[in-house]
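A.B. asks: Chains as they are written, first to last, in my numbering: chain A, 1037 to 1149; chain L, 1037 to 1149. What follows is a single structure, and I will ask about it in a moment.
2 protein chains.
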Amino acid sequence: MTRVSKISESPPHAVEQALITLGRNIRTARLRRRLSRAELAERIGISRYVMADIERGKPTTAIAAYLGALWALKLLDELREVADPDRDLEGKTLEAARSPTTAPKRKALDDDF
Amino acid sequence: MTRVSKISESPPHAVEQALITLGRNIRTARLRRRLSRAELAERIGISRYVMADIERGKPTTAIAAYLGALWALKLLDELREVADPDRDLEGKTLEAARSPTTAPKRKALDDDF
DNA sequence: CCTATATGTTGCGTTAAACAAACAATCCAG
DNA sequence: CTGGATTGTTTGTTTAACGCAACATATAGG
Chain A
1037 MTRVSKISES PPHAVEQALI TLGRNIRTAR LRRRLSRAEL AERIGISRYV MADIERGKPT
1097 TAIAAYLGAL WALKLLDELR EVADPDRDLE GKTLEAARSP TTAPKRKALD DDF
Chain L
1037 MTRVSKISES PPHAVEQALI TLGRNIRTAR LRRRLSRAEL AERIGISRYV MADIERGKPT
1097 TAIAAYLGAL WALKLLDELR EVADPDRDLE GKTLEAARSP TTAPKRKALD DDF
């Protein structure tokens, strides 16, 4: 990513944890399907090294590589629910009545919460 | 990512679609919470430009940036289910009886399915 | 309407992501 | 046990992601 964003350099624990879990899950799914990293990587169109990064939960790896792995393992559907507006109860509540296409204006240094 | 992996350059439709949906969902959640891209980006530790990339579903963006956005929107929990081994029915079936730590050996050019 | 803010776009520099080759270590099947 | 495959590690090269500046456009909200 270059200039490595703070988020990638040292992600919040929750994000780091989510990545590690995701990587482990992908590894488990791969092994269950009796695929080597090289094989799965080839189907996805990445190198075995990036496949290793994924299973390690590397933060800076392109999201397409991760999703490609899920796709090749036929596990991509489960992602559809993530951040689904219909399930975002808190968001729905906050929505009040209108749905602007841009965020509301704020005075320059108003930091809300 | 450099040398742009095939997966990032032209992802399978399913992956591309998943990314676009995810980006749209994140945008919806942001607007519902009345946050500008710059504000959300700052909380995550990325620039507003990357935030725009995320909402556009850019394949080459670091996964940590995406997960950071979900985290800041308190939507990261939903990711825990993705590729959860316990829910991977097909994988469980394939697992037969053992759980090797490496994939089984294959003759060099045996491409299975 | 008018204006401040949000969002979209382009171009550039810096820096590391992705690839590949080579080798070591590990694991599994026979 | 052992041979063959998988996985791990290191090093080096190429190339584009990220951040930023500058500008244009769109939108909200008074």
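Beta carbons: idealized from backbone N, C-alpha and C, even for Gly.
In its own chain, which residues sit with a C-beta less than 7 Å from the C-beta of R1063 (chain A), not counting the 5 before and 5 after it?
C.D. replies: Excluding positions up to five away in sequence, the list reads E1091.
A.B. asks: The ligand ZN and N1061 (chain A): does the residue's C-beta get closer than 7 Å to at least one heavy atom of that ligand?
C.D. replies: Of the ligands one can find in the structure shown there are none, so the ligand ZN has no counterpart to examine.
A.B. asks: May I have the straight-line CA-CA distance separating F1149 (chain A) from E1131 (chain L), to the nearest angstrom?
C.D. replies: Because the pLDDT of F1149 (chain A) is 45, which lies under 50, any placement of that residue in the model is unreliable, and the number read from its coordinates should be weighed accordingly. Looking at the two C-alpha atoms, the distance is approximately 48 Å.
A.B. asks: Less than 8 Å between C-beta atoms, sequence neighbours within five positions excluded: which residues of the same chain meet that for L1115 (chain A)?
C.D. replies: L1103 and L1106.
A.B. asks: Cα separation between V1086 (chain L) and K1094 (chain A)?
C.D. replies: Roughly 18 Å separates the two Cα atoms.
A.B. asks: In chain A, what lies closer than 7 Å to R1069 (chain L) by C-beta?
C.D. replies: Chain A residues near R1069 (chain L): G1127 and L1130.
A.B. asks: Give the secondary structure of A1024 (chain A) by DSSP, where H, G and I count as helix, E and B as strand, and everything else as coil.
C.D. replies: The structure shown does not extend to residue 1024 (chain A), since chain A spans only 1037 to 1149, so no value can be given for it.
A.B. asks: Hey, L1058 (chain L) and A1119 (chain A): beta-carbon distance below 8 Å or not?
C.D. replies: For L1058 (chain L) and A1119 (chain A), yes; Cβs fall inside 8 Å.
A.B. asks: Where are the alpha helix (DSSP H) runs, 4 residues long or more, that stay fully inside the stretch 1051 to 1082 of chain L, in chain order?
C.D. replies: 1073 to 1080, all fully within the stretch 1051 to 1082 of chain L.
A.B. asks: According to the Cβ coordinates, are L1112 (chain A) and A1050 (chain L) closer than 8 Å?
C.D. replies: Yes, they are a contact pair.
A.B. asks: When we look at the beta-carbon of S1135 (chain L) and count the other beta-carbons within 10 Å, is it buried (16 or more) or exposed?
C.D. replies: It counts as exposed.
A.B. asks: Hey, could you find the ends of the alpha helix (DSSP H) D1089 (chain L) is sitting in?
C.D. replies: Start and end: R1084 to R1092.
A.B. asks: Using the beta-carbon of each residue, which ones in chain L are nearer than 7 Å to D1120 (chain A)?
C.D. replies: Per Cβ cutoff of 7 Å: N1061.
A.B. asks: Using a Cβ-Cβ distance cut-off of 8 Å, determine whether E1117 (chain L) contacts chain A.
C.D. replies: True, the Cβ-Cβ gap to chain A drops below 8 Å.
A.B. asks: Once DSSP output is grouped into helix, strand and coil, what is the label at A1098 (chain L)?
C.D. replies: Residue state, collapsed to three classes: strand.
A.B. asks: Report the residue from A:K1128, A:I1043 and A:R1066 whose alpha carbon sits nearest the alpha carbon of A1139 (chain L).
C.D. replies: Selected option, being the one with the closest Cα: A:R1066.
A.B. asks: Looking at S1044 (chain A): is its Cβ nearer than 8 Å to the Cβ of T1096 (chain A)?
C.D. replies: Closer than 8 Å, so yes.
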